[in-house]
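Right, one structure below, let's go through it.
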Amino acid sequence: MQKNAPAQPGVYGLSNAVEWIYVGAAGNIQAALMGHLRETDTRLKSLAPKGFTFEICGAEEQVGRHRRLVGELAPVCNRP
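With the working numbering, letter number 19 in the sequence shown gets 19, and the count goes up by one each step, no holes.
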C-alpha cells in the first residue's frame with residue numbers, strides 16, 4: 001500500500017476475495033490505508049483485506065463520491 005497508494009486526497013476501498021470491506025475518504029489516501037493496516041482487534045482486520053483501490057479527488061468531491069460508492073458497493077464495515 002505504501003508503495004502504490006498516493007499521499008493525495010480522495011476516496012479508497014478495501015476488499016477481500018469475497019466482498020467490499022470498507023470505503024473511506026481522506027486527505028491523504030496513503031496515510032489512511034496505512035492506518036488501517038496498523039489497527040488491531042478490529043472488524044475490518046478480521047475480514048482480511050487483500051486488495052485496495054482509490055480515486056484521487058478534491059475535498060469538495062469526496063463526500064458525494066464516498067456516499068455513492070458506499071451505496072453501490074455496500075461495504076461490510078460501512079453498514080450501520
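By construction, the Cβ of each residue, glycine as well, lies at the ideal position given by its N, Cα and C atoms.
Model, not experiment: these values are computed from the prediction.
When you compare only the Cα positions, how much space is there between residue i and residue j?
i: C77; j: Y22; result: 5 Å
i: M34; j: S15; result: 15 Å
i: K3; j: A31; result: 11 Å
i: D41; j: N28; result: 23 Å
i: E60; j: G24; result: 15 Å
Just to confirm, is the Cβ distance from residue i to residue j under 8 Å?
i: E72; j: G10; result: no
i: H36; j: L44; result: yes
i: V52; j: A5; result: Going by the sequence as given, residue 52 is Phe instead of Val. Yes.
i: P80; j: W20; result: no
i: R65; j: C57; result: yes
Using the DSSP secondary-structure output, state which residues sit across from residue i in a beta bridge.
i: A26; result: G10
Which parts of the segment 29 to 63 are runs of the beta strand (DSSP E), unbroken and 3 residues or longer, counting only runs that do not cross its ends?
51 to 56
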